[in-house]
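**Q** Numbering (my numbering), first residue to last: 1 to 311. For each residue, glycine too, the CB sits at the ideal point set by N, CA and C. A quick note: this is a predicted structure, and the numbers were derived from the prediction, not measured.
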Amino acid sequence: MKLTREQIKYIKENTSLPRNDVGHAMSTYIGKTDKVAYSLFSLLPNRSFWVRYTKGIGSGIEKYTVVQGILEVQYEGHTFILNEGETLDASEYPELLSFYGEDAVEILVEMSTEEFEMNFRNTEIVQRDAAAIEKVDGYTFHHCSRIKDYSIELWKKLGQPIERVTMLRWGAYFHDIGKLAVPIEILNKPGKLTSEEWELMKSHTVKGAQMMREHEIIWLRDAAFIVEEHHERYDGKGYPHGLKGEEISLEASIVSVVDSFDAMTTNRVYRNALTIKEAIQEIIKGRGTQFNPTVVDAFLKLLHDQEFKWR
Ligand SMILES: [Fe+2]
Numbered sequence: 001m002k003l004t005r006e007q008i009k010y011i012k013e014n015t016s017l018p019r020n021d022v023g024h025a026m027s028t029y030i031g032k033t034d035k036v037a038y039s040l041f042s043l044l045p046n047r048s049f050w051v052r053y054t055k056g057i058g059s060g061i062e063k064y065t066v067v068q069g070i071l072e073v074q075y076e077g078h079t080f081i082l083n084e085g086e087t088l089d090a091s092e093y094p095e096l097l098s099f100y101g102e103d104a105v106e107i108l109v110e111m112s113t114e115e116f117e118m119n120f121r122n123t124e125i126v127q128r129d130a131a132a133i134e135k136v137d138g139y140t141f142h143h144c145s146r147i148k149d150y151s152i153e154l155w156k157k158l159g160q161p162i163e164r165v166t167m168l169r170w171g172a173y174f175h176d177i178g179k180l181a182v183p184i185e186i187l188n189k190p191g192k193l194t195s196e197e198w199e200l201m202k203s204h205t206v207k208g209a210q211m212m213r214e215h216e217i218i219w220l221r222d223a224a225f226i227v228e229e230h231h232e233r234y235d236g237k238g239y240p241h242g243l244k245g246e247e248i249s250l251e252a253s254i255v256s257v258v259d260s261f262d263a264m265t266t267n268r269v270y271r272n273a274l275t276i277k278e279a280i281q282e283i284i285k286g287r288g289t290q291f292n293p294t295v296v297d298a299f300l301k302l303l304h305d306q307e308f309k310w311r
């Protein structure tokens, strides 16, 4: 199956087609046969995504064809380019594949119908939960996505194995899922919280971890520890357990920095946003007390590399 530029435009503009906005890309479900589901994956500029081929779900078909743009593929430390019209058959790559596009890339995905529909449904569930969190927390849309994307960038900057990125990805995305269990008046209270209210607020960590452990999507369960630890502090003065230094997982230490920075640069009911420069000063101030110093250093490098742009 090939797609012309006109067809791509039509698919992207056709509002009757089911689609999922996954933050770094838009996935549009084009159609299916018994065995194969066809979708258009529109990757945003300067973004990446990962694929691990899983044998034995439905027909086992999983192919990626670049229909517009240039895709950089990384596999076991090697990089190669997928040009327009070229197809990658994921079944030939048993380990994790990483895709990146400097500019926007349109990719035609052919996948086992059974697997695609399962993924598509799971993504909808994930987004429903994320939208619910954003609603109660008063953040702008895409907050969860942003924390997820920057956490992954930081993970890579720290030279951590890409194979373990999945847990971080979902832990970062759902770090505040427990806020769904905290009364909205407390979440958005402009003034100071009473000690009772503060206890309830802090409980979003353990409640969130519990929600993750019991989540209907199995692959979210392993990320519960990140949700539980994301308010721990390097000096041991955080919550819920007062973990210290290396006792806190690297994943949670990353989410802590990224989430704090994002919160500081966002307008909230109780205060106006800081500038990027002011927020950086706050992060530096917390280096070694609130935040893991290695993570802070990598974060500053990351900000420097992207010319201090955020969002
Ligand atoms: Fe939180």
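Is THR205 a contact residue of ligand 1, with contact defined as CB to any heavy atom under 8 Å?
**A** Result yes, Cβ under 8 Å from ligand 1.
**Q** On the premise that LYS189 lies in contact with TYR239, defined as a C-beta separation below 8 Å, what is that separation, rounded to the nearest angstrom?
**A** Actually they do not touch by this definition, with Cβ atoms about 18 Å apart.
**Q** Please confirm if the region 225 to 239 is in contact with the region 278 to 290, defined as three or more CB-CB distances below 8 Å between the two stretches.
**A** Cβ pair count under 8 Å is three or more, so yes.
**Q** Give me the Cα-Cα distance between ILE107 and LYS2, rounded to the nearest whole angstrom.
**A** Each residue's alpha carbon lies about 10 Å from the other.
**Q** Can you name the residues that DSSP bridges to ALA132?
**A** Beta-bridge pairing links ALA132 to no other residue.
**Q** I want to check one thing, is the minimum distance from the CB of HIS241 to the heavy atoms of ligand 1 below 8 Å?
**A** No, since every heavy atom of ligand 1 falls outside the 8 Å radius drawn around the Cβ of HIS241.
**Q** Got a sec: does ligand 1 put a non-hydrogen atom nearer than 8 Å to the Cβ of HIS143?
**A** No - ligand 1 has no heavy atom lying nearer than 8 Å to the Cβ of HIS143.
**Q** Would GLU86 and THR65 be called neighbours here (beta carbons separated by less than 9 Å)?
**A** The answer is yes: Cβ separation under 9 Å.
**Q** Starting from HIS78, follow the beta strand (DSSP E) in both directions and report where the run begins and ends.
**A** Start and end: 78 to 82.
**Q** Taking C-alpha atoms, which residue in PRO293, GLU246, LEU97, ALA130 lies nearest to GLU229?
**A** Of the listed residues, the one whose Cα sits closest to GLU229 is GLU246.
**Q** Less than 8 Å between the CB of LYS148 and some heavy atom of ligand 1, yes or no?
**A** Because no heavy atom of ligand 1 lies under 8 Å away, the Cβ of LYS148 does not count as near it: no.
**Q** I'd like to confirm something about HIS231: is its beta-carbon nearer than 8 Å to some heavy atom of ligand 1, or not?
**A** Yes.
**Q** For the alpha helix (DSSP H) containing SER195, name the first residue and the last one.
**A** Where SER195 is concerned, the enclosing alpha helix (DSSP H) stretches over 195 to 202.
**Q** Going by DSSP, which residues form a beta bridge with THR205?
**A** None; THR205 has no bridge partner.
**Q** Say the cut is 8 Å; is the CB of ASP129 nearer than that to a heavy atom of ligand 1?
**A** For ligand 1, not one heavy atom lies less than 8 Å from the Cβ of ASP129.
**Q** Please list, in chain order, all residues of the same chain as GLU76 whose beta carbon is under 7 Å from its beta carbon, the five residues on each side excluded.
**A** Contacts found: GLU95.
**Q** Starting from the C-beta of ARG221, find all residues in its chain whose C-beta is less than 7 Å away, skip the five residues before and the five after it, and write them out in chain order.
**A** Taken in chain order, the residues that qualify are MET212, ARG213, HIS215.
**Q** Is HIS175 near ligand 1, going by C-beta to nearest heavy atom under 8 Å?
**A** Yes, Cβ of HIS175 sits closer than 8 Å to a heavy atom of ligand 1.
**Q** For a quick check, are the C-beta atoms of VAL255 and GLY171 less than 9 Å apart?
**A** Cβ distance < 9 Å, so VAL255 and GLY171 count as in contact.
**Q** Tell me whether LYS189, by its Cβ, gets closer than 8 Å to a heavy atom of ligand 1.
**A** It does not: the Cβ of LYS189 is nowhere closer than 8 Å to a heavy atom of ligand 1.
**Q** ASP340: beta carbon under 8 Å from a heavy atom of ligand 1?
**A** Lying before the first or after the last residue shown, residue 340 is absent from the chain, which here runs from 1 to 311.
**Q** Since VAL258 contacts SER151 with CB under 8 Å, what's their CB separation in whole angstroms?
**A** The pair is a contact, with the Cβ atoms about 5 Å apart (cut-off 8 Å).
**Q** Hey, out of TRP50, ASN119, VAL206, GLU72, whose CA is closest to ALA37's CA?
**A** The option with the nearest alpha carbon to ALA37 is ASN119.
**Q** For TRP155, count the other beta carbons within 10 Å of its own beta carbon; 16 or more makes it buried, fewer makes it exposed. Which is it?
**A** Classification of TRP155: buried, given that the 10 Å Cβ count is 16 or more.
**Q** Can you give me the Cβ contacts of PHE325 inside the same chain, cut-off strictly under 7 Å, excluding the 5 residues immediately before and after it?
**A** The chain is shown only over 1 to 311; residue 325 falls outside these bounds and no answer can be derived.
**Q** Output yes or no for whether 9 Å exceeds the beta carbon distance between ILE30 and SER16.
**A** Going by C-beta atoms, ILE30 is not nearer than 9 Å to SER16.
**Q** Pick helix, strand or coil for ILE248, following the three-state DSSP scheme.
**A** ILE248: coil per DSSP, three-state reduction.
**Q** Considering only residues of the region 4 to 46, which uninterrupted beta strand (DSSP E) runs meet the minimum length of 3 residues and lie entirely inside it, listed in chain order?
**A** Fully enclosed beta strand (DSSP E) runs of 3 or longer: 19 to 21, 25 to 32, 36 to 43.
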